[in-house]
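In the order they appear, the protein sequences are chains A and B. Position one of the first sequence corresponds to residue 1 (full-length UniProt numbering), numbered consecutively onward. Position one of the second sequence corresponds to residue 1 (full-length UniProt numbering), numbered consecutively onward. Since the structure comes first, as structure tokens, the remarks are kept for the end.
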Amino acid sequence: FSWSSLGLAFHRTHLISSLLCLESIILSIYIALSIWPIKNQTSATLMQILILAFSACEASAGLAILIASTQTHVSDHLRNLNLLQC
Amino acid sequence: FILMLSLTLGTMITITSNHWVTAWAGLEINTLAIIPLISKSHHPRAIEAATKYFLTQATASALMLFSSMTNAWSSGQWDITQLTNPSSCLLLTAAIAIKLGLTPFHFWFPEVLQGSSLTTALLLSTAMKFPPTTILLLTSHSLNPTLLSTMAIMSIALGGWMGLNQTQTRKILAFSSISHLGWMTIIITYNPKLTLLTFYLYSLMTTSIFLSMNSTNTLKLSTLMTSWTKAPMLNTTLMLTLLSLAGLPPLTGFLPKWLIIQELTKQEMTTTATIISMLSLLGLFFYLRLTYCSTITLPPNSSNKMKQWSIKKPVNTLTPTL
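Spelled out as structure tokens, the structure:
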């Protein structure tokens, strides 16, 4: 988890890599959550399905935003996101 | 329509949750519902604001989920009101600070507000703040008070300082909301009801400001100066609302500040009380500049043309003068 969150914090040029890191964060949480009931003999399958569904929605929304941003800005690079000057 | 419905649904889910996954699900529903609202106009600035908003909110949600999971590992509880693991408390405060826009993580907020239209900016700064504040309220007894108060003081300072050089009204309102959030979080460990009171009053004043700016379509300071030709009554109420947001005594905005300072002095934290009241002077400067620009100055070619806008406003602007 911490590896992928570091990767998200230090993404260099492409937005796609940050989306990938986000997905890997959620995947690591999912794997950890599925390991936990095996140790403690409880079952948490409803939580797993809910988390999976919502993370899939988030990923698709992120991809849609990526497509929209490449339509208006020319490329994928993060240096182009400076239209809103401070 | 459907997006507003899903927004209210997400907020309701998060508010009425005592399990971490339902709170996380409500927050994700809110994020997903607001993203198309932000990027509705196909302006590149709007879409850039949507990307920034999405990235920050998604990381905050993932952090929140991770902190609840570490808490569940160490204590076996998925209950919101019981946080025993100190590192998960730290992660949770960081996640909520990212979602709210408190100071170490406030960088997305002015740009996102700038890139969205006025009504969606209103939604972003009032309604979207509500679920994370409820989570903060539910978990406030087990969070680190010194961390929260340092973040609050820094956010009041930064909200005042960075608002000084702005000419775009949405950015000014973004910084004002950052400083108001600082006021809200400084009292949260001592008296959570004051936090709620501050939040309600702040959202009321901010909605009236945003709606009056929406009706006169003022996005810059220069547009504010000519807004008195369009609806003079609206302009005077806008001035009163702005002064109330600044926290001047006869108006409503003074009430939360007074109660917060009173509570802080009861808890023997008088230095923090003086520090935050000094720092709110910075905010007072640009509120005064806004009121000065909107009411007192005259543009170079003063013409008294009345333009037609969608008038839904006078009901909402009189309420902060209560």
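Note that beta-carbon positions come from the ideal geometry of N, C-alpha and C, so glycine has one too. Small disclaimer: the values here were computed from a predicted structure and weren't measured.
From the DSSP output, in three-state form, read off residue i for me.
i        : result
A:Cys86  : Bear in mind that the predicted position of A:Cys86 carries a pLDDT of just 49, short of 50, making it unreliable; the figure below should be weighed with that in mind. It is coil, neither helix nor strand.
A:His11  : coil
B:Met12  : helix
B:Gln168 : strand
B:His43  : coil
B:Lys220 : strand
A:His73  : coil
B:His180 : helix
B:Leu137 : helix
Taking Cβ-Cβ distances shorter than 9 Å, what residues in chain B pair up with residue i?
i       : result
A:Ile38 : Here the premise fails: no neighbours, minimum Cβ distance about 13 Å.
A:Leu6  : By Cβ distance, chain B contributes nothing, its closest Cβ being about 12 Å from A:Leu6, past 9 Å.
A:Ile31 : Those within 9 Å of A:Ile31 in chain B number zero; the least Cβ separation is about 11 Å.
A:Leu22 : Leu55, Ala58, Thr59 and Ala62
A:Leu15 : Thr51 and Leu55
Which residue wins for smallest C-alpha separation from residue i, given the options the options?
i                      : options                                   : result
B:Leu3                 : B:Thr16, B:Leu37 and B:Ala23              : B:Leu37
B:Trp24                : B:Pro110, B:Thr134, B:Asn165 and B:Leu123 : B:Thr134
B:Ser177               : B:Ala121, B:Gln267 and B:Thr59            : B:Ala121
B:Leu147               : B:Leu243, B:Phe1, B:Pro86 and B:Gly253    : B:Pro86
B:Gly253               : B:Leu204, B:Ala94 and B:Ser125            : B:Leu204
B:Gln57                : B:Thr84, B:Phe105 and B:Asn71             : B:Phe105
B:Leu65                : A:Ala61, A:His11, A:Ile26 and A:Leu8      : A:Ile26
B:Ile96                : B:Leu63, B:Pro110 and B:Glu111            : B:Leu63
B:Leu200               : B:Leu7, B:Ser68, B:Pro145 and B:Ser125    : The sequence given here places Tyr at residue 200 of chain B; Leu does not occur at that position. Out of B:Leu7, B:Ser68, B:Pro145 and B:Ser125, B:Ser125 has the C-alpha closest to the C-alpha of B:Tyr200.
residue 326 of chain B : B:Ile260, B:Leu92 and B:Thr291            : No answer is possible for residue 326 of chain B: it lies beyond the span of chain B, which begins at 1 and ends at 322.
B:Ser88                : B:Lys266, B:Ile260 and B:Met69            : B:Met69
residue 173 of chain A : A:Gln71, A:Thr72, A:His73 and A:Ala59     : No statement about residue 173 of chain A is possible, as the shown extent of chain A runs from 1 to 86 and does not include it.
B:Gly283               : B:Thr84, B:Leu173 and B:Ile98             : B:Leu173
B:Leu264               : B:Thr189, B:Ile34 and B:Ser280            : B:Thr189
B:Trp78                : B:Leu136, B:Thr31 and B:His19             : B:His19
B:Gly247               : B:Leu136, B:Thr93, B:Tyr202 and B:Thr271  : B:Tyr202
residue 99 of chain A  : B:Phe54, B:Thr236, B:Ser61 and B:Ser74    : The question about residue 99 of chain A has no answer, for chain A in this structure spans 1 to 86.
B:Ile156               : B:Thr167, B:Thr8, B:Leu281 and B:Gly26    : B:Leu281
A:Ser4                 : A:Leu15, A:Ala68 and A:Glu23              : A:Glu23
B:Lys220               : B:Thr241, B:Ile187 and B:Leu118           : B:Leu118
B:Pro192               : B:Pro145, B:Ser74, B:Met154 and B:Gln166  : B:Pro145
B:Thr103               : B:Ser74, B:Ile186 and B:Ile34             : B:Ile186
B:Thr206               : B:Leu238, B:Thr218 and B:Met154           : B:Leu238
B:Thr51                : A:His14, A:Phe1, A:Leu6 and A:Ser2        : A:His14
B:Leu136               : B:Asn165, B:Val112, B:Glu111 and B:Thr195 : B:Thr195
B:Thr236               : B:Ser61, B:Phe285, B:Ser294 and B:Ala152  : B:Ser294
What in chain A is Cβ-close to residue i, meaning under 8 Å?
i        : result
B:Met269 : Result: empty, since nearest Cβ-Cβ is about 33 Å, beyond 8 Å.
B:Ser39  : Ile65 and Ala68
Give me the chain B residues within the contact set of residue i, using Cβ-Cβ distance strictly less than 8 Å, ordered along the chain.
i       : result
A:Phe10 : Under the 8 Å cutoff, chain B gives no residues; its nearest Cβ is about 13 Å from A:Phe10.
A:Arg18 : Reading the sequence as shown, one finds Ser at residue 18 of chain A and not Arg. Result: Leu55.
Can you find a heavy atom of the ligand GDP that lies under 7 Å from the Cβ of residue i?
i        : result
B:Lys193 : As for the ligand GDP, it is missing from this structure, which has no ligand bound.
Just checking, does the stretch 271 to 282 of chain B make contact with the stretch 173 to 188 of chain B on the three C-beta pairs under 8 Å criterion? yes
If we count Cβ pairs, one from each stretch, closer than 8 Å, do we get three or more for the stretch 119 to 137 of chain B versus the stretch 2 to 19 of chain B? yes
If you measure beta-carbon to beta-carbon, which residues of the stretch 46 to 76 of chain A are closer than 7 Å to chain B? Met47, Leu50, Ile51, Phe54, Cys57, Glu58, Ala61, Gly62, Ile65, Ala68, Ser69, Thr72 and His73
Would you check if the stretch 201 to 219 of chain B and the stretch 156 to 167 of chain B touch, i.e. whether three or more CB-CB distances between them fall below 8 Å? no
May I ask you to list, following chain order, the residues of the stretch 11 to 36 of chain B that have a beta carbon less than 7 Å from some beta carbon of chain A? Val21, Ala25, Glu28, Leu32 and Ile35
Chain A contacts from the stretch 45 to 56 of chain B (Cβ-Cβ distance under 8 Å): Arg45, Ile47, Glu48, Ala49, Ala50, Thr51, Lys52, Phe54 and Leu55
Taking a Cβ distance cut-off of 8 Å, strictly less, list which residues of the stretch 56 to 77 of chain B are near chain A, in chain order. Ala58, Thr59, Ser61, Ala62, Leu63, Leu65, Phe66, Met69, Ala72, Trp73 and Gly76
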